[in-house]
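Using our numbering, the first residue of the sequence shown is number 12, and each one after it goes up by one. Step one of this worksheet: look at the structure below.
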Amino acid sequence: MIDYKEFEHLRNFSSHGNIKLIAVSKTQPIDKIQELYHHNYKIFGENKVQELREKSPLLPKDIEWHFIGRMQTNKVKYIAPFVSMIHSLDSHKLALEINKQASKNNRSILCLLQFHIAREETKHGINMEEAENIIASIQSEKPGNIVLAGVMGMATFSENHEVIRQEFRELKNIFNLLKEKYFKTDPAFREISMGMSNDYLIAAEEGSTMIRVGSKIFGPRNYPV
Ligand SMILES: *Cc1c(COP(=O)(O)O)cnc(C)c1O
């Protein structure tokens with residue numbers, strides 16, 4: 012069941028804060044996505060290439076798809092024709108492949124550098140040095156079809172709000188440093204994707220421009236992802 016009260020609240024909250032709300036539909040069936048679409052919402056996030064590949068052809072073409080999961084280089088080609096943004100850029104190799112596939116499809120794909128900000132080792136992401144290497148290689152080769160649009164991160168799953176806040180603050184600092192050093196005159200580099208069902212309020216306070224919310228809208232998922 013979609014929680015429309017929660018959804019409307021999130022929609023108002025994000026539009027007032029000038030934050031993009033991404034409805035994370037992973038593990039949810041097509042009809043739930045359709046339902047939200049008919050409720051006039053068109054921005055969805057998925058974290059598995061296979062799942063996104065199966066769902067997208069069955070759904071309206073004007074959905075704005077965000078890919079938020081780990082990305083294998085050899086799978087980029089399956090979503091390159093339609094994906095709007097990839098939030099999980101974590102290597103130079105992946106950047107080159109995204110560029111190649113985007114250019115084959117004659118389009119641009121926006122990408123966010125995914126940073127490791129949480130205490131948990133299981134959470135994925137890169138550090139500053141790796142990010143700078145990716146940026147340097149993209150900027151020197153000027154590939155053109157991959158557009159670096161900002162940063163993404165996931166906070167530690169914790170009841171301790173101060174821990175979460177600190178991690179979001181760190182991501183915002185990383186964004187500021189990169190913006191100043193590499194993207195000062197590049198308006199495309201502007202997004203800070205942080206905040207999920209349990210921590211989006213803190214993320215918003217710490218400067219998030221995109222929140223990725225799943226279970227608060229769609230209810231609990233039937234399997235953990
Ligand atoms: C699943 C997922 C979300 C949404 O999580 P909820 O807690 O259900 O809001 C956000 N971001 C990423 C990267 C995810 O994998």
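Glycine residues also receive a C-beta, built at the ideal position from the N, C-alpha and C atoms.
Please tell me whether, using a cut-off of 7 Å, the distance from the CB of residue i to the nearest non-hydrogen atom of ligand 1 is below it.
| i | result |
| --- | --- |
| Met-82 | no |
| Ser-226 | yes |
| Asn-233 | no |
| Arg-22 | no |
| Ile-137 | no |
| Val-60 | no |
| Met-96 | no |
| Met-221 | no |
| Ser-208 | yes |
Going by other Cβ atoms of all chains shown within 10 Å of its Cβ, with 16 needed for buried, is residue i buried or exposed?
| i | result |
| --- | --- |
| Asp-101 | buried |
| Leu-105 | buried |
| Ser-204 | buried |
| Leu-58 | A small fix is needed here, since residue 58 is Asn in this sequence, not Leu. That one is buried. |
| Gln-39 | buried |
Taking the alpha-carbon of residue i as reference, which of the options has the nearest alpha-carbon?
| i | options | result |
| --- | --- | --- |
| Gly-218 | His-20, Lys-31, Glu-17, Ile-157 | Lys-31 |
| Ile-109 | Gln-83, Phe-179, Glu-17, Glu-131 | Gln-83 |
| Lys-72 | His-27, Asn-233, Tyr-48 | Tyr-48 |
| Phe-186 | Lys-59, Lys-88, Leu-124 | Leu-124 |
| Leu-212 | Leu-121, Arg-22, Ile-13 | Arg-22 |
| Lys-88 | Tyr-193, Thr-38, Ile-120 | Ile-120 |
| Pro-198 | Ser-36, Gln-150, Met-221, Val-158 | Val-158 |
So residue i packs on residue j, CB below 8 Å; how close in whole Å?
| i | j | result |
| --- | --- | --- |
| Leu-188 | Val-162 | About 10 Å separates the two Cβ atoms, so there is no contact after all. |
| Gly-6 | Asp-14 | Since the first and last residues shown for the chain are 12 and 236, residue 6 lies out of range. |
DSSP beta-bridge partners for residue i?
| i | result |
| --- | --- |
| His-77 | Gly-56, Met-96 |
| Glu-202 | Gly-161 |
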